[in-house]
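Heads up: the sequence shown is residues 59 to 337, going by the numbering used here. Ideal placement from N, C-alpha and C gives every residue a C-beta, glycine not left out. Right, one structure below, let's go through it.
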Amino acid sequence: MKDWAFDGIDIDWEYPASDEDAANMVLLLQAVRNELDAYASKHAPGYHFQITIAAPAGSSHYNKLRLADLGRIVDYINLMAYDYAGSWSSVAGHSANLYTNTDIPQSTPFNTDDAVKAYLDAGVPSHKLILGMPAYGRSFIGASGMGEPHSGVGLPNKALGSWEAGVWDYKALSKQGLEIMYDEKAQAYYGKYQSGGGICSYDTPETIQKKVSYLKQRGLGGAMFWEASGDGRGQESLVGTSFRSLGNLDQTENLLVYPDSRYRNIASGMEQGYDLGGS
Numbered sequence: 059m060k061d062w063a064f065d066g067i068d069i070d071w072e073y074p075a076s077d078e079d080a081a082n083m084v085l086l087l088q089a090v091r092n093e094l095d096a097y098a099s100k101h102a103p104g105y106h107f108q109i110t111i112a113a114p115a116g117s118s119h120y121n122k123l124r125l126a127d128l129g130r131i132v133d134y135i136n137l138m139a140y141d142y143a144g145s146w147s148s149v150a151g152h153s154a155n156l157y158t159n160t161d162i163p164q165s166t167p168f169n170t171d172d173a174v175k176a177y178l179d180a181g182v183p184s185h186k187l188i189l190g191m192p193a194y195g196r197s198f199i200g201a202s203g204m205g206e207p208h209s210g211v212g213l214p215n216k217a218l219g220s221w222e223a224g225v226w227d228y229k230a231l232s233k234q235g236l237e238i239m240y241d242e243k244a245q246a247y248y249g250k251y252q253s254g255g256g257i258c259s260y261d262t263p264e265t266i267q268k269k270v271s272y273l274k275q276r277g278l279g280g281a282m283f284w285e286a287s288g289d290g291r292g293q294e295s296l297v298g299t300s301f302r303s304l305g306n307l308d309q310t311e312n313l314l315v316y317p318d319s320r321y322r323n324i325a326s327g328m329e330q331g332y333d334l335g336g337s
């Protein structure tokens with residue numbers, strides 16, 4: 059962190075599977091917090107380095123965590139509110155829906171609202187919970203609609219995905235001839251391939267607007283995306299839509315002084331004329 063002038067440390071433990079793991083996660087985070095505070099006390103008095111975690115949205119995982127302790131120690135909990143359905147699912151499902159569709163429950167095995175409520179009810183401060191959103195979609199071959207059986211993932215007789223089978227960068231979906239559909243109960247969009255043969259669950263700019271409205275109503279701390287390289291451009295950008303919808307953003311100044319960095323340009327504060335050493 060000090061070598062590269064980062065603002066803090068993010069820990070992604072997928073996933074603590076026992077009470078011992080959950081306890082060790084708390085100990086690990088507290089140890090990192092103590093080290094960050096010690097570094098700040100020596101080199102940046104008054105500055106607060108952040109510690110964040112990636113956290114699950116599935117109850118089988120988050121019920122094992124010591125959520126109140128996590129909420130006490132870390133600055134932000136990045137809720138991975140996606141991958142609710144995929145190649146492991148027996149039927150086509152929404153991958154990042156806000157709510158359950160009670161008419162087609164098999165299409166929404168998980169939902170974001172239940173996860174958010176669980177974290178808040180466990181004592182996590184709402185302003186520390188960050189709503190994660192996917193910049194990619196998950197496709198299902200042979201499914202005629204949500205909750206229907208599929209024969210695999212990817213696209214019929216075409217490439218399987220952007221970076222793994224059935225997973226498509228959001229920026230690639232505009233080229234696939236999708237007829238956009240909306241599930242009112244789940245508050246989730248998906249696309250039907252006009253050539254037939256499948257559907258794809260993904261977030262649209264309209265989805266992002268709804269999710270930002272939701273997180274504001276819940277008093278959450280903001281939004282995060284996995285991951286930026288999959289995003290579209292201009293008005294189609296999911297990150298850009300989030301930015302415009304959120305409005306007031308964090309204006310905290312970054313620390314620019316890292317005297318212990320092994321890199322002389324960073325250690326010197328990126329000043330011109332720093333000594334490179336040697337000839």
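DSSP three-state assignment for Met83, whether helix, strand or coil: The residue you call residue 83 lines up with position 25 of the sequence shown. Here Met83 sits in helix by DSSP.
Nearest-angstrom Cα separation, counted from Lys269 out to Gly305: As a position in the sequence shown, residue 305 is number 247, starting the count at 1. As a position in the sequence shown, residue 269 is number 211, starting the count at 1. When rounded, the distance between both Cα atoms is 14 angstroms.
When you compare each of Gly280, Glu78 and Ala230 to Ile188 by their alpha carbons, which one comes out closest? Sequence index remark: in the sequence shown, residue 188 carries index 130 (1-based). It is Gly280 whose Cα lies nearest to the Cα of Ile188.
Rounded to whole angstroms, what's the CA-CA distance from Ser202 to Lys186? Just pull it up for me. Counting from one through the sequence shown, the residue named residue 202 turns up at place 144. Counting from one through the sequence shown, the residue named residue 186 turns up at place 128. Distance between the alpha carbons of Ser202 and Lys186: 39 angstroms.
Are there three or more Cβ pairs, one per stretch, closer than 8 angstroms when the region 147-154 is compared with the region 225-239? no
According to DSSP, Trp284 sits in a beta bridge with which residue or residues? Position 226 of the sequence shown, counted from the first residue, corresponds to residue 284. DSSP, once it has assigned bridges, lists Pro192 as partnering Trp284.
Proximity of Gly235 and Tyr251 at Cβ, strictly below 8 angstroms: In the sequence shown, counting from the first residue as 1, residue 235 sits at position 177. In the sequence shown, counting from the first residue as 1, residue 251 sits at position 193. Yes, Cβ-Cβ distance for Gly235 and Tyr251 is below 8 angstroms.
Grouping DSSP H, G and I as helix and E and B as strand, with all else coil, what is Ile238? Counted from its first residue, the sequence shown places residue 238 at position 180. Here Ile238 sits in strand by DSSP.
Determine whether the beta carbon atoms of Pro192 and Tyr140 lie at a separation below 8 angstroms. In the sequence shown, counting from the first residue as 1, residue 192 sits at position 134. In the sequence shown, counting from the first residue as 1, residue 140 sits at position 82. Yes.
Can you tell me the Cα-Cα spacing of Val90 and Ile109, whole angstroms? Residue 90 sits at position 32 when you count from the first residue of the sequence shown. Residue 109 sits at position 51 when you count from the first residue of the sequence shown. Whole-angstrom Cα-Cα distance: 8 angstroms.
Since I believe Ile135 is in contact with Val182 (beta carbons under 8 angstroms), could you give me their beta-carbon distance rounded to a whole number of angstroms? Reading the sequence shown from its first residue, position 124 is the one you call residue 182. Reading the sequence shown from its first residue, position 77 is the one you call residue 135. Between Ile135 and Val182 the Cβ distance is about 6 angstroms, and since that is below 8 angstroms, they are a contact.
Considering only their Cβ atoms, is the gap separating Gly298 from Val53 smaller than 8 angstroms? Because the chain here runs from 59 to 337, residue 53 falls outside it and cannot be looked at.
According to the neighbour-count rule (16 or more other Cβ atoms, all chains shown, within 10 Å of its Cβ), is Met282 buried or exposed? By 1-based counting over the sequence shown, the position of residue 282 is 224. Under this definition Met282 is a buried residue.
As assigned by DSSP and simplified to three states, the class of Asp77: Along the sequence shown, one-based indexing puts residue 77 at 19. If DSSP states are grouped into helix, strand and coil, Asp77 belongs with the helices.
What does the Cβ neighbour count give for Gly254, buried or exposed, with the cut at 16 atoms within 10 Å? Position 196 of the sequence shown holds residue 254. Burial call: exposed.
Is Ala75 near Asn155, with beta carbons less than 8 angstroms apart? On the sequence shown, position 17 is the one that residue 75 refers to. On the sequence shown, position 97 is the one that residue 155 refers to. Against a cut-off of 8 angstroms, the Cβ pair of Asn155 and Ala75 comes out as no contact.
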